[in-house]
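Student:
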Amino acid sequence: MKNGSLQDVLNKVSEGKRELDWLARHKIALGVAAGLEYLHMHHNPHIIHKDLKPRNILLDDDMEAHIADFGLKKAISEMNTYVTTSNVAGTIGYNAPEYHQMLKFTDRCDVYSIGVILTVLVLGKLPSDDFFQTTEEMSLVKWLRNQMISENPSAAIDPKLKGNGCYVENYLVVCYFSLICV
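Number 40 in numbering that gives the first Met the number 0 belongs to position 41 of the sequence shown; there are no gaps in the numbering.
(1) Give the range of the alpha helix (DSSP H) segment to which His-25 is assigned.
(2) Could you spell out where the beta strand (DSSP E) holding Leu-57 opens and where it closes?
(3) Consult DSSP for His-65 and reduce its assignment to one of helix, strand or coil.
(4) By DSSP, does Ser-112 sit in helix, in strand, or in coil?
(5) Compare the beta carbon distance of Cys-174 and Thr-118 with 8 Å and say whether it is the shorter of the two.
(6) Tell me the rounded alpha-carbon separation between Leu-38 and Cys-180.
(7) With contact counted as at least three CB pairs below 8 Å, one residue from each stretch, are the region 33-52 and the region 9-25 in contact?
(8) Output the boundary residues of the alpha helix (DSSP H) element that contains Thr-133.
(9) May I ask you to report which of helix, strand or coil DSSP gives Lys-16?
(10) What is the C-beta distance between Gly-34 and Ile-66, in whole angstroms, given that I count them as a contact (C-beta under 8 Å)?
(11) For Met-40, tell me which candidate among His-25, Gly-92, Thr-105 and Trp-142 has the shortest Cα-Cα distance.
(12) Looking at C-alpha atoms only, which residue of Ile-148, Asp-109, Leu-171 and Met-137 is the closest neighbour of Leu-122?
(13) Determine the burial state of Lys-161: buried for a count of at least 16 other Cβ atoms within 10 Å of its Cβ, exposed for fewer.
(14) Between Arg-24 and the rest of its own chain, which residues show a CB-CB distance below 7 Å, the 5 nearest in sequence each way excluded?
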């Protein structure tokens, strides 16, 4: 795909080599959500991706998101609601905590991953950022939760988004929605 992965684009944004305005981020979020809905609800058999992250979201010429890398995916029958695995799979920071506790992937695990991706799109921070690796007992999700109950939750929003003609409240709605997912 012409624009590479969402991870490639986010790297260029953080390096100051590219801009990613709110309309583009919103379009990407909607595309990922639509793709995940298709995998979970409309594909037969239903598919759990198991490794949804920015590296596995490809962006075409029009910045339309396409979910990729189904190497870890599992098809599940309508009778099953989860897939059990004996090996830890997925990417730390994007995996649901319950997966690490029980080694069971459900569609809920993919929903957790999309919540983290929404957080990344609004905050401009990655779960792998040094800040989250050096702060004891802190993760991107925990940090967002703390920010959203603080006196100034809008301080968490990616500064590159501020002043682009979109109201801060719109970004905060996405942050609250992402917390519902995680």
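In this text, a Cβ means the ideal position worked out from N, Cα and C, and glycines have one as well. This one's a predicted model, so the numbers in the text were calculated from it and none came from an experiment.
Tutor: Quick answer:
(1) Residue numbering aside, residue 25 sits at position 26 when the sequence shown is read from its first letter. DSSP places His-25 inside the alpha helix (DSSP H), whose first and last residues are 21-36.
(2) Mapped onto the sequence shown, residue 57 falls at position 58. 56-58 is the span of the beta strand (DSSP E), which, as asked, contains Leu-57.
(3) Start at 1 with the first residue of the sequence shown, and residue 65 comes out as number 66. Note: His-65 maps to strand in three-state DSSP.
(4) Within the sequence shown, residue 112 is the residue found at index 113, counting from 1. Three-state result, Ser-112: helix.
(5) For the purposes of this step, residue 174 is taken as the residue at position 175 of the sequence shown. For the purposes of this step, residue 118 is taken as the residue at position 119 of the sequence shown. Judged by beta-carbon spacing, Thr-118 lies within the 8 Å limit of Cys-174, meaning their Cβ atoms are closer than that value.
(6) Counted from its first residue, the sequence shown places residue 38 at position 39. Counted from its first residue, the sequence shown places residue 180 at position 181. The straight-line gap from Cα to Cα measures roughly 17 Å.
(7) Verdict: no, contact absent.
(8) Stepping through the sequence shown from its first residue, residue 133 is reached at position 134. First-last of the alpha helix (DSSP H) with Thr-133: 129-133.
(9) Position 17 of the sequence shown holds residue 16. Annotated three-state conformation of Lys-16 is coil, per DSSP.
(10) Position 35 of the sequence shown, counting from 1, holds the residue named residue 34. Position 67 of the sequence shown, counting from 1, holds the residue named residue 66. Right, their Cβ atoms sit about 4 Å apart.
(11) To locate residue 40, count along the sequence shown from 1; it is residue 41. Nearest to Met-40 by C-alpha distance, out of His-25, Gly-92, Thr-105 and Trp-142, is Thr-105.
(12) On the sequence shown, residue 122 is found 123 positions in, with the first residue counted as 1. Taking Leu-122 as reference, the option from Ile-148, Asp-109, Leu-171 and Met-137 with the minimal CA-CA separation is Leu-171.
(13) Numbered from 1 along the sequence shown, position 162 holds the residue referred to as residue 161. Counting every other CB atom within 10 Å of its CB across the protein chains shown gives Lys-161 a total below 16, marking it as exposed.
(14) Along the sequence shown, one-based indexing puts residue 24 at 25. Excluding its 5 nearest sequence neighbours in each direction, Arg-24 has C-beta neighbours in its own chain below 7 Å: Leu-120, listed in chain order.
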